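Asks: The numbers in the working numbering rise by one with no breaks, and the one at position 661 of the sequence shown is 662. Ideal placement from N, C-alpha and C gives every residue a C-beta, glycine not left out. Values in this document were obtained by computation on a predicted structure and should not be read as measured data.
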Amino acid sequence: MPFRIRKIAHFFMLIAALGGFGATACIRSAFAADPPAPAAPVYHLPPLPAPQGNDGAGVQSGDASAGQSAAAKSTNDPASGANAAADGGAQSTLPDAGAPPAHGLPMDFPPPVISVAPQDASAGAAGQNIDNQLAQVTPISDDTISVANMGQPNGLTLSGGQLQSGIVFTLPRDQVATTARLFLALKVSPALAARDTSLRLMLNGQELGNVALSQANATDNVYELDIPAAMIVSNNNLSFSVNDDNTLTCERDLSDKYWVTILPASHLQLSSQILDIGRDLSHFPRPFYDPLSMKGSSVAFIFSQTVKSDSVAAASMLASYFGLLSSYRNMDFPVHLNQLPPQNGILFGEPGEKIADITLPQVTGPTLQMIDNPLNPVYKLLLVVGRNGNEMRQAAYRLISSPLPPRQDVIRVQNQAIPLRQPYDAPRWIDTTKPVYLKDLAQSPAALTANGLYHDGIRIGFRAAPDLFMWDGDSIPVKIDYRFPIETWIDEDLSQLSITLNGTFLHSLPVNKHGLVETAWRMLGGDTRQETFNLQLAPYLIYGDNQMEFYFALKPKADAPCSLLTSNNIKSRIDPDSTIDLSRTHHFTMLPNLSYYVGASFPFSRLADFSQTLMLLPAKPEAGEIATLLAMAARAGNATGIPLNRVDVRLGLQDHGAGAIPLADKDILAFASLRQTDLVRDLLAGSPYEMRNGLLSVKAETLTDTLKRYVTGRFFRQGVEADRYLASTDAWRGFLSFTSPWAGNRVVVMATATDSGQLAHLNGDLQLPVINAGIRGDIAVINAENGVKSFSVGNQFPSGEMPWYMMIIWYANQHIIFLSLGGLAFAVLIGSCIYVLLARHAAKRLANSANK
């Protein structure tokens, strides 16, 4: 009997030991605060003290133990454990209200059912798979952040008196740096290399080291530097400064001789561990998107194998919201049909629907729920559930309209009214009804101030509706109030304020007024400062996306003290109440025009919520077609600053029932490869294009069409050139645009390609400025060999509003043949009338002479 007891005791001790080992392995693998037996990092610099704080939110990167403690707490918390969803237990579920109730009583809410493959109970199999399981639970993100990603596409140059500068980079809050290496590509002037100089590097106020420039030359030099991971926090400042014992700071007007450039190829290789942030919905848009991410983000969208239009409509709302947040960063939306992604994802479906290994909960209203990804509990899946299109839209709108309540992983969404937008009221478009203050366009009032003698330009970006119209000769008034420093060591005769718009030089403003009287008054001690200027902008200088730059070129006097040259106490300011006035413009243009679409999603963005837009997919869309729709929705949200809250989505054109969306009052945005023959054939009916032998072709123009085109003033058409190019191109993607077959004042834009794989490349193409600039006309073809080729094939129609008298002048200007024929007919009519009158007068005169 004691022998049996000892065997049982030994057996339980063995089980406990195995369990303790597994728990320890899970905690360590999930958060890598103390990774098992890694190779010790080798630094090129002496060990540095750990930073004392973290600029970002969340766990401090510099404190590994703190990160491990927070991680362990998150893992051990039953409310956020990885097995909560699999076990069928849900957190306290509350209606969509603010804070949870005082007692936190759980409600009877059906959780999603997750099918998990049975685990092998044998210890041998577990031992063989432990490494794969650890790698699965502890995901590592490897990123390369270039100087261009840090906001310096042309690199960073230190020269003249500007011997120090810095750049900022950030790390997402759910990541902790594990290794970091800086690759520094430098180009040094020969004169500076000949001096006893070095480049000092600092990260977050702590010194990294010095790079000797005395042995360098004008060719590119690349230096590698290991950075202690503890120094990398959420918000980081990497600064550079030139050290020179020979007083290079006091060398004036030698910026062309002494310089060092940190080239755009310089980059930071960063490995970071992804932390489990739990299933709290109030973190949204994290973990799917983090504004601290320096590069583009990828958000997986999951649908059932049989895609429904309601799910795609809700997904387009969320995609446009992510695009709104992304600013200049690229957003990608891989689509999974009945398949779970290996990382974070958003799943759309109806109650009880089974998608991959997840059966959605049986709910009676729009619902949001965050669960662990069964493939890896560190990653999360957001469930957007609704019984119909309205409920799906309500659930998506709740996500993007206001912050979600804290400490909730499930929310029952209450119905709320979705506001309707008005034409041209996009928040990111400059107001054209009144003068706009520059302080309303700048990121902050401090952004209108430049510090020191050497500084960067003051940049003000603004977007405008692409259909702004003004007559040639008219101008846009810009009232500029500015202030130069009043220091006596500044040379007021040589200093000036330079103004540029979109890279085009506009004007240079002096410190003092020029003129004989002003000069004499200044010599007598009078005040001749010029602090106001009215600038007249030509309308053609205004684009859809604009950047106005002000640069105070301050010149010190020859006897200015050296210590003042690097002082940041002097301020140069653009007055926040300076204005730009577009109130005399009109919204009027000719459509279709693809340059408007790729630049500002126009004309669909005329109503920023897309309430007069129909997004069209094939009856059985492929993943690449849905992904392209979501990417274009993100671009629209980025252009306007408003999600697509009222967009309609239809699958195919065969639905003519009572619930069918009317097409006569909709602009149509279609996404289909040429292999979707049914949809492509129906869309192209009545357009200048057709499908011929499985290829897209341009219809031959009849004699009647040619005469009509000449009469309406269109003398040039590139139909033959476009048809030949399409016939000679095997694989391509691009855009078509033409007048809607259902309404003469509506437009169709079609994103298409030879196949779905080619269509998936379209979003990446639009990230290239050269591609964006090359898309115009009404057909644009993109391929890997020739880039983009654009053609003008079909007819255009006027869109917008102008006063009636301006419309007459515009119509006469556009239709020169009609104007010539009308002038000739008017001359004949007037001449005939005058001839009759003169003939009668002559006959009467001759009759009077005969009577006499």
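Looking only at its own chain, which residues have a Cβ that is under 8 angstroms from the Cβ of Arg718, when we skip the five neighbours before and after it?
Replies: Closer than 8 angstroms at the Cβ level, and outside the excluded window around Arg718, lie Glu702, Arg710, Ser793 and Val794.
Asks: If you drop the 5 nearest sequence neighbours on each side, which residues of the same chain put their C-beta closer than 7 angstroms to that of Leu820?
Replies: So the qualifying residues of the chain are Ala813.
Asks: Between the C-alpha atoms of Lys258 and Leu159, what's the straight-line distance to the nearest angstrom?
Replies: Their backbone Cα atoms lie some 11 angstroms apart in a straight line.
Asks: Classify Pro362 as buried or exposed, calling it buried when 16 or more other Cβ atoms lie within 10 Å of its own Cβ.
Replies: Buried is the call here.
Asks: Looking at the secondary structure, which residues open and close the alpha helix (DSSP H) in which Gln759 lies?
Replies: Gln759 -> alpha helix (DSSP H) spans Ser757 to Leu760.
Asks: Which of helix, strand or coil does DSSP assign to His1?
Replies: Absent from the structure is residue 1, since the part of the chain shown begins at 2 and ends at 853.
Asks: Residues in its own chain within less than 7 angstroms of Val599 by CB, not counting five upstream and five downstream?
Replies: Cβ within range, chain order: Leu767, Asn773 and Ile776.
Asks: Flag this pair as yes or no: are the beta carbons of Thr368 and Val411 separated by less than 8 angstroms?
Replies: Closer than 8 angstroms, so yes.
Asks: Which of the three DSSP states, helix, strand or coil, is assigned to Pro404?
Replies: Of the three classes helix, strand and coil, the one that applies to Pro404 here is coil, per DSSP.
Asks: Please classify Trp805: is it buried, with 16 or more other beta-carbons within 10 angstroms of its beta-carbon, or exposed?
Replies: Trp805 should be labelled exposed.
Asks: Below 7 angstroms CB to CB, which residues in the same chain sit around Gly695 once its five sequence neighbours on both sides are set aside?
Replies: Correct list: empty, nothing qualifies.
Asks: Taking the continuous beta strand (DSSP E) assigned at Ala178, which residues delimit it?
Replies: Taken as a continuous stretch (DSSP letters only), the beta strand (DSSP E) holding Ala178 covers Gln176 to Val189.
Asks: Would Ile669 and Val308 be called neighbours here (beta carbons separated by less than 8 angstroms)?
Replies: No, these two residues do not count as a Cβ contact at 8 angstroms.
Asks: Within 10 angstroms of its Cβ, does Asn787 collect 16 or more other Cβ (buried), or is it exposed?
Replies: Asn787 is exposed by the Cβ-count criterion.
Asks: In angstroms, rounded to a whole number, what distance separates the CA positions of Lys1 and Phe485?
Replies: Residue numbering for the chain in the displayed model covers 2 to 853; residue 1 lies beyond these limits and cannot be assessed.
Asks: Starting from Asn849, follow the alpha helix (DSSP H) in both directions and report where the run begins and ends.
Replies: That run of the alpha helix (DSSP H) goes Ile817 to Asn852.
Asks: Apart from the five residues on each side of it in sequence, which residues of its chain come closer than 7 angstroms, Cβ to Cβ, to Thr489?
Replies: Taken in chain order, the list of residues that qualify is empty.
Asks: Quick one: Cα of Leu1 to Cα of Gln274, how far?
Replies: No information on residue 1 is available, as it lies outside the stretch 2 to 853 that the chain covers here.
Asks: Using the Cα positions of Gly832 and Thr434, report the straight-line distance between them to the nearest angstrom.
Replies: Using only the alpha carbons, I get a separation of about 46 angstroms.
Asks: CB-CB under 7 angstroms to Gly545, same chain, minus the five flanking residues each way: which ones, in chain order?
Replies: Closer than 7 angstroms at Cβ, skipping near neighbours: Arg464, Ala465, Pro467, Gly600 and Ala601.
Asks: Can you tell me which of the three DSSP states Phe551 falls into?
Replies: In the structure shown, Phe551 sits in a strand (DSSP, three-state: E or B).
Asks: Report the rounded CA-to-CA distance for Met471 versus Ile481, giving the unit in angstroms.
Replies: Looking at the two C-alpha atoms, the distance is approximately 22 angstroms.
Asks: Go to Glu488, then tell me how far its beta strand (DSSP E) extends in each direction, as first and last residue.
Replies: Premise fails: Glu488 is in no beta strand (DSSP E) and is neither H nor E.
Asks: Under 8 angstroms between the Cβ atoms of Thr139 and Ala427?
Replies: No.
Asks: Check for me: the alpha helix (DSSP H) holding Asp432 runs from which residue to which?
Replies: Element bounds for Asp432: n/a, residue is neither H nor E.
Asks: Starting from Phe672 and walking both ways along the alpha helix (DSSP H), at which residues does that stretch end?
Replies: Here Phe672 belongs to no alpha helix (DSSP H); instead the beta strand (DSSP E) covers Asp668 to Phe672.
Asks: Around the C-beta of Asp311, are 16 or more other C-beta atoms found within 10 angstroms, so that it is buried, or is it exposed?
Replies: Its Cβ being crowded by 16 or more others within 10 Å, Asp311 is buried.
Asks: Would you list the one or two residues that DSSP bridges to Ala213?
Replies: Partner(s): Ser199.
Asks: Please state whether DSSP places Leu680 in a helix, a strand or coil.
Replies: DSSP places Leu680 in helix when its eight states are reduced to three.
Asks: So, using beta-carbon positions, are Phe241 and Gln165 closer together than 8 angstroms?
Replies: Contact: yes.
Asks: Between which two residues does the alpha helix (DSSP H) containing Arg1 stretch?
Replies: In the structure displayed, the chain extends from 2 to 853; residue 1 sits before or after that span and is not available.
Asks: In chain order, what residues of the same chain have a beta carbon less than 8 angstroms from the beta carbon of Thr145, not counting five sequence neighbours either side?
Replies: Taken in chain order, the residues that qualify are His268, Leu269, Gln270 and Leu271.
Asks: Quick one: what does DSSP say Gln274 is sitting in, helix, strand or coil?
Replies: If DSSP states are grouped into helix, strand and coil, Gln274 belongs with the strands.
Asks: I believe Ile228 touches Leu204 by the beta-carbon criterion, under 8 angstroms. Please report the beta-carbon distance rounded to the nearest angstrom.
Replies: Contact holds; Cβ gap of about 7 angstroms.
Asks: Is Leu664 closer than 8 angstroms to Trp733 when the C-beta atoms are compared?
Replies: It is not a contact, given that the beta carbons lie outside the stated cut-off.
Asks: Helix or strand or just coil, what does DSSP make of Met371?
Replies: It is a strand residue.
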